[in-house]
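Have a look at the structure below, then the notes.
In the working numbering, the protein residues as written are 6 to 255.
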């Protein structure tokens, strides 16, 4: 049994930009289970300005979906969680945050056009609260990536300016990083795929996630991502990463 753990998934229905309804949620669950996931962290967005999904709502929705999975014969253990948008407004919602499996790790997403200065300010504030940041899909965030060979709109201006040293700086400070299987599959483009492989080669990932939002194409993406992952580091190491063995949840 593979016993993979999905550390990042938008499977809960009608809470954010993920599953639209129960049918979507069940279809996502079947694809994840068929691939080999046995545990899924249900990480709906927590963004004060748009998706204000507080712990009570997420937990209730997770429990309800767990019941429907059991009724449908889908063997997945669901864990309530949250993908926390890393900005100053987040700190209004951290009295009792949904951490990763109740651990000290908190899944945070750096806004795609973040600047390094704000990240350097906010990360220590989380750590002062006894929380350790697990940073979602750094390969997709321009601030963690080397500067592009050509200027593009995506990298223009003070926001989103790459800071090549930031990744290792945060890693040395105790942060850990979650990669997306879709990044290895090339779903976000060749540059993101290349950066994901670079981070992988550096041993920069502690766990992985599907970051599934819809069921369409999910099964194909998981298989493609795994093929690239296993091709790069071998099946045994890929399986260990997918089981989250490098992330200590105690």
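For every residue, glycine included, the Cβ atom is placed at its ideal position computed from N, Cα and C.
Which residues does DSSP list as the beta-bridge partners of residue i?
i	result
residue 224	Paired residues: none, contrary to the question.
residue 43	Answer is none; residue 43 lacks a bridge partner.
residue 137	110
residue 88	50
residue 83	45
residue 181	139
Would DSSP call residue i helix, strand or coil?
i	result
residue 210	coil
residue 104	coil
residue 166	coil
residue 186	helix
residue 158	With a pLDDT of 35 at residue 158, under the threshold of 50, the modelled position of that residue is not reliable, and the figure given next carries that caveat. Of the three classes helix, strand and coil, the one that applies to residue 158 here is helix, per DSSP.
residue 217	strand
residue 26	coil
residue 193	coil
residue 120	coil
residue 252	coil
residue 129	helix
residue 97	helix
residue 19	coil
residue 201	helix
residue 115	coil
residue 6	coil
Starting from residue i, trace the alpha helix (DSSP H) both ways and give me its first and last residue.
i	result
residue 60	60 to 76
residue 55	Careful: residue 55 lies outside any alpha helix (DSSP H) and carries neither H nor E.
residue 172	171 to 177
residue 243	240 to 247
From the options, pick the residue whose C-alpha is nearest to that of residue i; which is it?
i	options	result
residue 208	41, 16, 172, 254	172
residue 7	19, 253, 244, 170	244
residue 187	18, 254, 230	230
residue 166	71, 34, 10, 116	116
residue 123	95, 49, 197	95
residue 202	192, 97, 118, 234	234
residue 133	121, 178, 149	178
residue 140	105, 169, 168	105
residue 210	151, 226, 138, 227	138
residue 85	42, 253, 195, 70	70
residue 10	66, 100, 34	34
residue 103	223, 121, 125, 49	49
residue 114	193, 182, 63, 74	182
residue 135	127, 125, 110, 118	110
residue 212	29, 198, 237, 184	184
residue 180	226, 112, 150	112
residue 2	52, 131, 226, 176	Missing from the structure shown is residue 2; the chain here goes from 6 to 255 and no further.
residue 222	19, 18, 37	37
residue 148	131, 174, 130	174
residue 68	100, 18, 198	18
residue 100	60, 190, 170, 200	60
Along the chain, where does the beta strand (DSSP E) that runs through residue i open and close?
i	result
residue 11	9 to 14
At a threshold of 7 Å, does residue i count as lining the ligand PLP (C-beta to nearest heavy atom)?
i	result
residue 77	No copy of the ligand PLP appears in this structure; indeed no ligand is present at all.
Would you call the stretch 128 to 145 in contact with the stretch 65 to 85, where contact means no fewer than 3 C-beta pairs closer than 8 Å?
Counting Cβ pairs under 8 Å, fewer than three are found: no touch.
Touch test, the stretch 54 to 64 against the stretch 87 to 101, Cβ-Cβ under 8 Å, three pairs minimum
Taking 8 Å as the limit for Cβ pairs, the verdict is that the stretch 87 to 101 does touch the stretch 54 to 64.
When the Cβ atoms of the stretch 20 to 28 are set against those of the stretch 201 to 218, are three or more pairs found closer than 8 Å?
Taking a contact to require three or more Cβ pairs closer than 8 Å, the stretch 20 to 28 and the stretch 201 to 218 qualify as touching.
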